[in-house]
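**Student:**
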């Protein structure tokens, strides 16, 4: 199972929207997908239509060792897409994890127990911080996908995230790689968005995905209906962008597999 963490410590950059719609797009092309909601706000769970009543067990129970990943899984409305939901209990997890052994490896160990043939890919949606929850996601991942808002402060904080990734790579998870950076909330009418995109590509080069996710009202509306945008309105520009992003992600993963085989 390929494990991809979707992270950026800056809030409001389209992290959860990216996790939900990328997971949906991968499921639509036939992959068996697991989405782990590791954000105490539980927006990924709500955005996939999983109600509070359905969250009998959550990612919190997985982290503290009271349930396995398989025991917490909830089926979503999207065929082949399963969810480990989040509850407000996660808010206290940062404090509780401090006193537990292997506190940064709890999610990694839990995912390692999942049968190899259960899912093809696991996406982890993180909170907007670099605390123990995000560290657990980074330690558990093989690949990191970073949504980056196309605004003035986009590159601020990215260097901090990349430094954290390097520390995780050196200290705990040497196999962690950056799958790519995706520019989100892009406004073609705004010269600033274009300038930010050019600056990011100049700074990071080919690590930036070609696909750019535009500002789109349908992407904002979809979660209130408990649906991914790809199901709410497949033809909207936001949905079409995430389908293209899924193709790019698949292409990069395929090239990585070929490089490993060689």
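Numbering (the numbering used here), first residue to last: 2 to 263.
Glycine included, each C-beta is placed from N, C-alpha and C at the ideal position.
Considering only the alpha carbon of each residue, which of 170, 224, 187, 230 lies closest to residue 149?
**Tutor:** 187
**Student:** Tell me the DSSP bridge mates of residue 157?
**Tutor:** Partner(s): none; residue 157 has no beta bridge.
**Student:** Assign residue 1 to buried or exposed, taking buried as 16 or more other Cβ atoms, counted over all protein chains shown, within 10 Å of its Cβ.
**Tutor:** No answer is possible for residue 1: it lies beyond the span of the chain, which begins at 2 and ends at 263.
**Student:** What does DSSP give as the partner residue(s) for residue 185 in the beta ladder?
**Tutor:** 150
**Student:** As a quick exercise: from 167, 134, 212, 248, pick the residue whose alpha carbon is nearest that of residue 265.
**Tutor:** There is simply no residue 265 to check, as the chain begins at 2 and stops at 263 in what is shown.
**Student:** Using 8 Å for Cβ pairs, my map puts residue 77 next to residue 49. What's the rounded Cβ distance?
**Tutor:** 5 Å
**Student:** Considering only DSSP beta bridges, list what residue 76 is partnered with.
**Tutor:** 83
**Student:** Roughly how many whole angstroms lie between the Cα atoms of residue 114 and residue 192?
**Tutor:** 48 Å
**Student:** In angstroms with no decimal places, state the Cα-to-Cα distance between residue 75 and residue 62.
**Tutor:** 14 Å
**Student:** Kindly provide the ranges of any alpha helix (DSSP H) runs that are 4 or more residues long and lie completely inside the stretch 83-146, ordered along the chain.
**Tutor:** Counting only runs of 4 or more, we get 94-99, 107-113, 133-141.
**Student:** Alpha helix (DSSP H) containing residue 238: first to last residue?
**Tutor:** 238-262
**Student:** Measure the Cβ-Cβ separation of residue 253 and residue 181 and say whether it is below 8 Å.
**Tutor:** Yes. Within cutoff.
**Student:** Per DSSP, which one or two residues make a beta bridge with residue 38?
**Tutor:** 126
**Student:** Please classify residue 80 as buried or exposed, where buried requires at least 16 neighbouring CB atoms within 10 angstroms.
**Tutor:** exposed
**Student:** Measuring CA to CA, which of 5, 2, 7, 15 is closest to residue 1?
**Tutor:** Shown here, the chain extends from 2 to 263; a query on residue 1 therefore has no answer.
**Student:** So, using beta-carbon positions, are residue 122 and residue 27 closer together than 8 Å?
**Tutor:** Yes, they are a contact pair.
**Student:** I'd like to check one pair, residue 250 with residue 39: are the Cβ atoms closer than 8 Å?
**Tutor:** no
**Student:** Can you give me the start and stop residues for the alpha helix (DSSP H) that residue 6 sits inside?
**Tutor:** Not the alpha helix (DSSP H): residue 6 falls in the beta strand (DSSP E), residues 3-7.
**Student:** Could you say if the stretch 241-250 and the stretch 198-214 meet the contact criterion of at least three C-beta pairs nearer than 8 Å?
**Tutor:** yes
**Student:** Determine the contact status of residue 284 and residue 184, defining contact as a CB-CB distance below 8 Å.
**Tutor:** Not covered by the structure: residue 284. The range shown for the chain is 2 to 263.
**Student:** Can you name the start and end residues of the beta strand (DSSP E) that residue 14 belongs to?
**Tutor:** Neither: residue 14 is in no beta strand (DSSP E) and is coded neither H nor E.
**Student:** Near residue 142, which residues of its chain fall below 8 Å by C-beta distance, leaving aside the five closest residues on each side in sequence?
**Tutor:** 4, 5, 6, 125, 174, 177
**Student:** Which residues does DSSP pair with residue 178 in a beta bridge?
**Tutor:** DSSP lists 144 as partners of residue 178.
**Student:** Applying the criterion that 16 or more other CB atoms from any shown protein chain within 10 Å of the CB defines a buried residue, is residue 52 buried or exposed?
**Tutor:** exposed
**Student:** Taking the Cβ atom as the reference point for each residue, do residue 165 and residue 131 lie within a distance shorter than 8 Å?
**Tutor:** yes
**Student:** Quick one: residues in its chain with C-beta nearer than 6 Å to the C-beta of residue 216, no 5 flanking neighbours on either side, listed in chain order?
**Tutor:** 186, 188
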